[in-house]
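Following: one structure in structure tokens, then a few remarks.
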Amino acid sequence: MEPGSILIVGVGGIGCKWSSRAHGRCQQLSELLLIDADESSFSSEFEAHCLHLDASGSGKGTAALPNLAAHRLNEGIANIQGMLENSELVIILAALGGGTGSGAAAEIAARSSEAGSLVISIVGMPFAEQPLRSAIADK
Numbered sequence: 021m022e023p024g025s026i027l028i029v030g031v032g033g034i035g036c037k038w039s040s041r042a043h044g045r046c047q048q049l050s051e052l053l054l055i056d057a058d059e060s061s062f063s064s065e066f067e068a069h070c071l072h073l074d075a076s077g078s079g080k081g082t083a084a085l086p087n088l089a090a091h092r093l094n095e096g097i098a099n100i101q102g103m104l105e106n107s108e109l110v111i112i113l114a115a116l117g118g119g120t121g122s123g124a125a126a127e128i129a130a131r132s133s134e135a136g137s138l139v140i141s142i143v144g145m146p147f148a149e150q151p152l153r154s155a156i157a158d159k
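According to my numbering, the sequence shown holds residues 21 to 159 in order.
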């Protein structure tokens with residue numbers, strides 16, 4: 021495989037943490053893309069491409085606003101389209117608790133598939149004790 025043909029994508033705060041850890045195990049084989057509205061998610065110890073979804077400039081996330089995250093991703097997709105087109109395998113890691121991961125993970129999966137990549141999504145679901153977040157994840 022060519023360098024960059026495997027793309028590990030972290031979407032949202034938890035997805036960015038998970039993907040940074042996964043990328044650390046296969047740095048020579050993959051590229052790392054971090055997508056979030058919260059700037060603190062980009063503090064990976066590894067070299068990463070970052071797509072900041074914060075249109076307001078506050079550096080905060082999109083908790084409980086998954087539609088806003090999907091909208092912001094669509095606005096910034098041109099910045100990462102080349103990476104998606106050059107990848108043969110895209111591995112997406114996200115949590116579906118109602119924030120950026122819930123809104124943007126499905127959209128990045130669809131865009132990656134349209135670009136011709138094989139897509140694997142690994143998502144975390146909210147705990148049963150979190151009924152509001154569970155309801156959002158069920159959608």
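Note that the Cβ used here is the ideal one computed from N, Cα and C, for glycine as well.
In this text the structure is predicted, and so the values were computed from the model without any measurement.
DSSP, reduced to helix, strand and coil, places Ala-68 outside both helices and strands of the structure shown, so it counts as coil. The beta carbons of Ile-112 and His-69 sit about 14 Å from each other, so the pair does not count as a contact at 8 Å. Relative to Gly-30, the option among Leu-152, Gln-150 and Gly-123 whose CA is nearest is Gly-123.
Between Leu-93 and Glu-134, the beta carbon gap of about 14 Å keeps them out of contact (Cβ cut-off 8 Å). Counting only runs of 3+ residues, the beta strand (DSSP E) found wholly inside the region 88-127 occupies 109-115, in chain order.
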